[in-house]
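Residue numbers (our numbering): 18 to 166.
See the structure below:
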């Protein structure tokens, strides 16, 4: 095993990719945070304040703890694993959450009247607050959970 610890300035853009293994990014406030695992591994993004965030893996969990900024674009995708998003309750975003195999989409405190359930619960689309940001979550064989921060 080879492990790296890379330290960057608080406002640095982060674009990191590996074939296998875990990726952890914390305390970054920039225009971009992108983490991609082309095979298997967990992605953990904590204390993130970026305008554009992308996390993608084939097998493994994805955890995001950060802000959804107005005008921001956020994309999370996994084939098999769980995706957990911990975001402030006062966030404003439009979203599409898709879990075609499991239908396991938990909106928690973000459940409300501005939601559309499609395909027998395989997809949920809606608007939270003013809908100023854009959020896309896709998990083919796992669950999606929104957690209030």
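A virtual CB, placed ideally from N, CA and C, is assigned to each residue, including glycine.
Values in this document were obtained by computation on a predicted structure and should not be read as measured data.
Whether residue i touches residue j by CB criterion (8 Å)
i	j	result
residue 60	residue 83	no
Given residue i as reference, the closest of the options once Cα atoms are compared
i	options	result
residue 68	24, 133, 152, 135	152
residue 57	70, 145, 39	39
residue 96	27, 119, 134	119
residue 150	41, 37, 92, 88	88
residue 183	37, 54, 23, 36	Nothing can be reported for residue 183: it is not among the residues displayed for the chain, which extend from 18 to 166.
residue 54	139, 63, 74	74
Supposed close pair residue i, residue j - CB separation, criterion 8 Å
i	j	result
residue 52	residue 72	5 Å
residue 65	residue 81	7 Å
residue 144	residue 131	5 Å
residue 148	residue 111	4 Å
Limits of the beta strand (DSSP E) - the one that residue i falls within
i	result
residue 110	110-115
residue 56	49-57
residue 44	40-45
key: Stretch-stretch touch, CB-based, cutoff 8 Å, three pairs: the region 155-163 with the region 96-111   = yes
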